[in-house]
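Protein chains in written order, with the working numbering: chain X, 411 to 706; chain D, 1171 to 1520; chain P, -8 to 248.
Built from N, CA and C at the ideal position, the CB exists for glycine as well.
Fair warning: this is a prediction, and the values are worked out from it, not measured in the lab.
Here the structure comes first, spelled out in structure tokens, and everything after it is commentary.
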């Protein structure tokens, strides 16, 4: 259970940490971008989407079929586009006006409020599910019961992490992203088109946020503030892993997810959201640069 | 706080509405002033709701009588209301110290997430710990200051006077603080932390002081709110109204300027609390969605003002707003200005 | 190496050149200098004299500048750093001059980001110039010693085959032994046909390797002359470098070491 939630947190945190590293923006709208990904996919699999001919059918024992796959693609494209629009309309101008980390943070907070309000405006405050009905868990080794969907969630996370590794370490663009994250002034002086790198980073971050959002919708409910509620765990995972370090974020996400679930043995479920907070404070006190170091 | 809106629309008569509105806005203006004290030294507090909530709960449990029946909460000593206010402010300061120690010294960019986190945690603690503050049932029957002295329906006016006096006192206090040598040091820190550090000032202590002062005022605002509304629950202190709303007020009014913070509270407050008044007269497609649209606009206002009027409605006097003092976009390494100025000074002193 | 050939064309020329970080506050005033491909020109001067600022202004990394910059006969006034680099100027800032989290190889790839082709060949060529780097291309830059880092920074700047290399205090924070090695390395790079313009705090050592020296004080150009001239000039030592009289001067001023 912790691994599933941890995978979702990890997906979100990898995007968050990339954006923080490359752009120097603590993106408080990242959770709500997940929310948008979740709802864009829901739009495709819900009745409106069914009219387009995507819905219906299931893959084996998974709870979904082609509808969700198309929804996932739509969500990725949509959230990436949303992020790029925000960069062009807002962040780029603030940057040109000399805005720094704090200004970006407040702006992202404003956009977080807008994104969440827009979801409520379009889909209302109700909760939804991608596919109605009960999806039975199957037993795997040692009597642990797992839903097939949960294998899918972990699989998607692993695949995303591998693709991200390939991008950042094997492609020229990805290396330039790392260079910009490492030393923006030197990257620019080296002739790296940092504007394009920023846009590219928003796209990658948006895709990861959309993935995380759809996985969250698959695991739990589709609800307007589900992404926002995950904001603290996302930041905790990022801080734990060291800012700008996607592998740290991956491990940080899994750690936060597992810690949350394990904690319920000792504390009441209502206090579970406190775990990421405790992690943030502990990391700040013990290792201000994160447990796995910082890329810069 | 949503229930407040309902109260507002059921009042008949513009006078009553205005009295209620001004009372509420005064409380928010105190929050905005308190936030401004922190923001003006570069402390990014995204958890105003946490301090607001702590103040409200502390004052409530101290002044309420012992719990009866199904209710269960700590304290309940029936203390006088001013004592509740005092402890509300102290509680805010204590929370600031707890949060400030790990963040202000090491990574103040993490203060934002730590504060937004603590607001969520406090809500979930209030909601789930039995015997602390009556969980999600909330605290009810909190007395208003001087309520027992006033007969009939005139108490609304007393509430307004209390809120306005509190606002005036807070305004006086923060203005005095900014004008004092302490305030000037804080501005120096904001404008150039490195130089302030170099001149031997302990910047962490000064900033902690500003964080605590703001937190105390937020706690006080919480106490005033609790005694005014008579009932509080974890839901009252949402991020949207407790934190983001206050930020919008500050950004719209003009940060770094105390008058701006008050003006922002009035303008944004009027927009927010006035919306229900016109809901009836709006076309159906909009009227039914007016609350979501209103929330959307709260976010939009932040972004629009940051982009097109970063100094807010009231520009900071004599000093350029912190957003406008611009460095070249990303071309130079961090701290280039300091280095340049240091070189300049060194050259001059020769 | 001071070939005083009659009709040499300067690589880089600046005239009545001023600039600063903020509009209205000039840090360097009215500089005129030229750099030739067959020389090493070293800018020296006390702390805060504006040496690094001048170098930044020359490579287009300063927000405000006035006056003329010419590079290879072309007017490049107001050109940004990427444009200058594409035109053939290599620039090594004083600090943060490598991508610390990336490997040596990746640093070079980034240095050659603007290359259309021949990236691999150039990496091999550049690596061959720096034996310290050559045999461990996958080492992270953050694990290198100070001197090796400085070499990596130069190697990175060489990736685009510059004709002029601008170095900002390359030997700062290095041990005396490493300083000597680095300066010798710079000289060898210079011999391969690259003009060198560098700012140095360790003036004595640097001037030994330089063809000419330029002394800056208070943002102004105080003296320009051959390396030896500057080196032996006792007034320079006293007035500009704040040293006690004596034979030459060990200008390690400002260095904590």
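Please check the pair residue 99/P and residue 114/P, which I expect to be a contact at CB under 8 Å, by giving their CB distance rounded to whole angstroms.
Sure, about 5 Å apart at Cβ, within 8 Å.
Beta-carbon proximity list for residue 1329/D, same chain, < 7 Å, skipping 5 on both sides
1193, 1314, 1398
On the premise that residue 33/P lies in contact with residue 189/P, defined as a C-beta separation below 8 Å, what is that separation, rounded to the nearest angstrom?
5 Å
Cβ of residue 43/P less than 8 Å from any chain X Cβ?
Judged by the 8 Å Cβ criterion, residue 43/P is not in contact with chain X.
Is the Cβ of residue 162/P closer than 8 Å to any Cβ of chain X?
Contact of residue 162/P with chain X is not assigned, every C-beta pair being separated by 8 Å or more.
Flag residue 77/P as yes if its beta-carbon sits less than 8 Å from any beta-carbon of chain X, otherwise no.
Chain X, which has a Cβ nearer than 8 Å to the Cβ of residue 77/P, makes this yes.
Could you say which of 689/X, 696/X, 697/X lies nearest to residue 1284/D if we only look at CA atoms?
For the residues 689/X, 696/X, 697/X, the minimum Cα distance to residue 1284/D belongs to 689/X.
DSSP state of residue -1/P, grouped into three classes?
DSSP, read as helix, strand or coil, puts residue -1/P in coil.
Taking only three categories from DSSP, how would you classify residue 639/X?
helix
For the alpha helix (DSSP H) holding residue 1346/D, just list the boundary residues, first then last.
Counting along the chain, the alpha helix (DSSP H) containing residue 1346/D begins and ends at 1325 to 1349.
Just checking: is the beta-carbon of residue 1490/D within a distance shorter than 8 Å of some beta-carbon in chain X?
With a pLDDT of 37 at residue 1490/D, under the threshold of 50, the predicted position of this residue should be treated as unreliable, though the coordinate-derived value follows. Residue 1490/D does not count as touching chain X.
Neighbour-count burial assignment, residue 1229/D, 16 or more Cβ in a 10 Å radius
buried
What three-state label does DSSP hand residue 1243/D in the structure shown?
strand
Would the C-beta of residue 1269/D count as close to the ligand GTP, meaning under 7 Å from any of its heavy atoms?
Here there are no bound small molecules, and the ligand GTP is not part of this structure.
Counted within 10 angstroms of its Cβ, other Cβ atoms place residue 1462/D as buried (16 or more) or exposed:
buried
Closer than 6 Å by C-beta to residue 1295/D: which residues in its own chain qualify, once you throw out the five before and the five after it? Chain order, please.
Excluding sequence neighbours, residue 1295/D sits near nothing in its chain.
Using a Cβ-Cβ distance cut-off of 8 Å, determine whether residue 84/P contacts chain X.
yes
Quick one: residues in its chain with C-beta nearer than 6 Å to the C-beta of residue 1429/D, no 5 flanking neighbours on either side, listed in chain order?
1484
Have a look at 675/X, 683/X, 653/X, 681/X and flag the residue whose alpha-carbon is nearest the alpha-carbon of residue 693/X.
653/X
Contacting positions in the segment 1284 to 1306 of chain D - beta carbon closer than 8 Å to chain X
Of all residues in the segment 1284 to 1306 of chain D, 1284, 1286, 1287, 1288, 1290, 1291, 1294, 1295, 1297, 1298, 1299 have a Cβ within less than 8 Å of some Cβ in chain X.
Do three or more CB pairs link the segment 22 to 36 of chain P to the segment 193 to 206 of chain P at distances below 8 Å?
With a cut-off of 8 Å on Cβ pairs, the segment 22 to 36 of chain P is in contact with the segment 193 to 206 of chain P, counting three or more such pairs.
Residue 1305/D lies in the beta strand (DSSP E); which residues open and close that run?
Here residue 1305/D belongs to no beta strand (DSSP E), and DSSP marks it neither H nor E.
Could one say the Cβ of residue 451/X lies closer than 8 Å to chain D's Cβ atoms, at least one of them?
no
Are three or more beta carbon pairs between the segment 1206 to 1220 of chain D and the segment 1406 to 1423 of chain D nearer than 8 Å?
They touch, by the three-pair rule.
Just the Cα atoms here: how many angstroms apart are residue 55/P and residue 1336/D?
49 Å
Report the neighbours of residue 1468/D on chain X: residues whose CB is nearer than 7 Å to its CB, in chain order.
Listed along chain X, the residues sitting closer than 7 Å to residue 1468/D by beta-carbon distance are 523.
Would you verify that the beta carbon of residue 607/X is, or is not, closer than 8 Å to some beta carbon of chain D?
no
Look at the alpha carbon of residue 473/X and the alpha carbon of residue 559/X, and state the distance between them as a whole number of angstroms.
7 Å
Does the beta carbon of residue 649/X come closer than 8 Å to any beta carbon on chain P?
no
Can you check the segment 136 to 206 of chain P for any alpha helix (DSSP H) of at least 4 residues that lies completely inside it and give the ranges in chain order?
Listed in chain order, they are 137 to 149, 167 to 182, 194 to 200.
Coarse secondary structure for residue 480/X, derived from DSSP in three states:
DSSP places residue 480/X in helix when its eight states are reduced to three.
DSSP state of residue 591/X, grouped into three classes?
helix
Going by C-alpha to C-alpha distance, which of 425/X, 660/X, 685/X sits closest to residue 672/X?
685/X
For the segment 490 to 505 of chain X, enumerate the residues whose C-beta is nearer than 7 Å to any C-beta of chain D, in chain order.
Residues 500, 503, 504, 505.
By alpha-carbon positions, which one of 537/X, 637/X, 601/X ends up nearest to residue 78/P?
Of the listed residues, the one whose Cα sits closest to residue 78/P is 601/X.
Which partner residues of residue 212/P appear in the DSSP bridge assignment?
207/P
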